[in-house]
Amino acid sequence: MTTPRRRDRESAPDTPNPVITSIAAGVAPLPFLLVYSSIFIAHGFFWPVEPPDITSTRHGEAVAGLLAVLIALVIVLTLWWFLSAARRWPFVLAQAAVLATTIAFIANPRTGSPTVPIALVVTSAVALGFALHPASAAYVGSRTPFGLLTRRPRPAPGDAAPLDVHLGEERVGAPTA
């Protein structure tokens, strides 16, 4: 039995380029999160270092590592939702959080070299920009943000309605015989 949602996915159009670009850029934080989480978990549970890298305690390092794993899993989930055309806003919020965090790392000189945060600022800004593109909004079936990004032309008087508008299985605007 085919459910309505499954039928929509089977007949769904190809993924638009802005969505592909946004997903490709949104993947960038994952390798860094996974590497840092493994380092912090190792320093917190197995090989303690003096002084601790990012916290003042050994257990703080472990908690930071586990938190990094959790954040990586959340980013993977938001990528999946956006790529499967289910939800876009969790992806946008996750990328905005990455952007804000990396800007904070750049602003604080005690966090180390700004090279990785600068790369992540660029990738998260690209991911956000393309996630807010009208084609991305149309891909997930939502309206564009605030209705400002697209304007649909009004048909001239006497013009027929477009034939490509669908509601379920019924065609809307198709000429009747």
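The numbering of the sequence shown is the numbering used here, which starts it at -18 and goes up by one.
Backbone N, C-alpha and C fix where the C-beta goes; we use that ideal spot for every residue, glycine too.
- The Cβ atoms of VAL102 and THR83 lie closer than 8 angstroms to each other.
- By the neighbour-count criterion, in which 16 or more other beta carbons inside 10 Å mark a residue as buried, GLU42 falls on the buried side.
- The stretch 53 to 70 and the stretch 5 to 16 touch, with three or more beta-carbon pairs separated by less than 8 angstroms.
- Annotation: the continuous alpha helix (DSSP H) that includes GLU42 extends over 39 to 64.
- In summary, SER117 is buried, with 16 or more beta-carbon neighbours lying within 10 Å of its beta-carbon over all protein chains present.
- Setting aside the 5 residues that flank it on each side, VAL16 has no residue in the same chain whose C-beta is closer than 7 angstroms to its C-beta.
- Apart from the 5 residues on each side of it in sequence, SER19 sits with its Cβ closer than 8 angstroms to the Cβ of GLY46 in its chain, given in chain order.
- Going by DSSP, PHE13 is part of the alpha helix (DSSP H) stretching over 10 to 22.
- Straight-line measurement puts the Cα of ALA49 at about 15 angstroms from the Cα of PHE26.
- For PHE86, the uninterrupted alpha helix (DSSP H) segment begins and ends at 70 to 88.
- In the DSSP annotation of this structure, the continuous segment of the alpha helix (DSSP H) that includes SER3 starts and ends at -2 to 7.
- In the DSSP assignment, VAL102 falls within the unbroken alpha helix (DSSP H) covering 96 to 112.
- ALA112 is a Cβ neighbour of SER3, given a cutoff of 8 angstroms.
- In the assembly as shown, PRO90 is an exposed residue. Its beta-carbon has fewer than 16 other beta-carbons within 10 Å.
- Judged by DSSP secondary structure, PRO32 falls outside any alpha helix (DSSP H); it is assigned neither H nor E.
- Collapsing the DSSP output to three states places ALA67 in coil.
- Here DSSP, grouped into helix, strand and coil, assigns GLY122 to coil.
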